[in-house]
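Numbering of the sequence shown is given in this note's numbering, commencing with residue 4 and proceeding in unit increments. From the three backbone atoms N, C-alpha and C, an ideal C-beta is built for every residue, glycine too. Remarks on the structure that follows.
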Amino acid sequence: MLSLLLATALAAATPAPDALPPPERRQQLLFDAARLGRTDMIEPLVKAGVDLNAPDARGFTPLILAAYNGQAETLDALIAAGADACKPDQSQGNTAQMGVAFKGNDVIAARLLTAGCDVNARNKAGQTALMMAALFGRSAQVAMLVKAGADPALADASGRTAKAVAQGQGNDAMVRQLEARP
4 MLSLLLATAL
14 AAATPAPDAL
24 PPPERRQQLL
34 FDAARLGRTD
44 MIEPLVKAGV
54 DLNAPDARGF
64 TPLILAAYNG
74 QAETLDALIA
84 AGADACKPDQ
94 SQGNTAQMGV
104 AFKGNDVIAA
114 RLLTAGCDVN
124 ARNKAGQTAL
134 MMAALFGRSA
144 QVAMLVKAGA
154 DPALADASGR
164 TAKAVAQGQG
174 NDAMVRQLEA
184 RP
């Protein structure tokens, strides 16, 4: 609750520099704004000097938090303000694109594909967003990723391709979709 009160106060006015919360508190407010969809907070916090690409204690950037929590407008505001949509988390090396494959948010998946990131980026286990989408049965995202140039032939550190991942899940429809790609 205190975070929202401070955030509201910061958004309501451009306070004098000595009235701002300390830098580490401002950074936490950015994480909270990203997670909660407080798009109105992005610009004031950027003006207050937050680092748009700094990770939180779990290794997630504000953009990853916005994507993972389905905050499309906040995601757009972060990208417009200069956040790196391609930066992976510091725990597993997952990108925002990989995170939305888990969550199943096709709108955010499509927006992230316009950010110019490598669609074949790999996490620490060698997995790609396509493999994640196949794992969770996200057929719309598989189609989007393949259309954007994701390579279904890539294998992760265990030697599994997106098709093998879908087979492992018993998802025959996903296997057929990956086999039928153009």
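Residue i classed as buried or exposed, judged by whether at least 16 other C-beta atoms fall within 10 angstroms
i    : result
R28  : exposed
T98  : buried
A136 : buried
Q95  : exposed
V122 : buried
T117 : exposed
G162 : exposed
G102 : buried
K150 : exposed
A51  : buried
A143 : exposed
R125 : buried
Nonlocal neighbours in the same chain, by C-beta distance under 6 Å from residue i, ignoring five residues either side
i    : result
C89  : C120
N72  : R38
L138 : V168
T64  : N56, P58 and K90
A160 : A128 and G129
A70  : L78, A99, G102, V103 and I111
N174 : G140
Within 8 Å, strictly: CB atoms of residue i and residue j
i    : j    : result
G76  : G107 : Inspection of the sequence shows that residue 76 is occupied by Glu rather than by Gly. Going by C-beta atoms, E76 is not nearer than 8 Å to G107.
T131 : A153 : yes
P58  : D92  : yes
V172 : G140 : Here residue 172 is Gln; the residue named in the question, Val, does not match the sequence. Yes; because the gap between Cβ atoms is below 8 Å, this pair is in contact.
L81  : I111 : no
M134 : V168 : yes
L115 : V145 : no
A86  : L68  : no
Q30  : V53  : yes
Spatial neighbours of residue i in its chain, beta-carbon cut-off 8 Å, leaving aside the 5 residues before and after
i   : result
A84 : I45, E46, V49 and L55
Same chain, Cβ closer than 7 Å to residue i, five either side skipped, listed in chain order
i    : result
T164 : P155, A156, L157 and A158
L33  : L48, V53 and P65
A113 : M147
V178 : K166, A169 and Q170
F105 : M135 and F139
D2   : Here the chain covers residues 4 to 185 and nothing more, so residue 2 does not appear.
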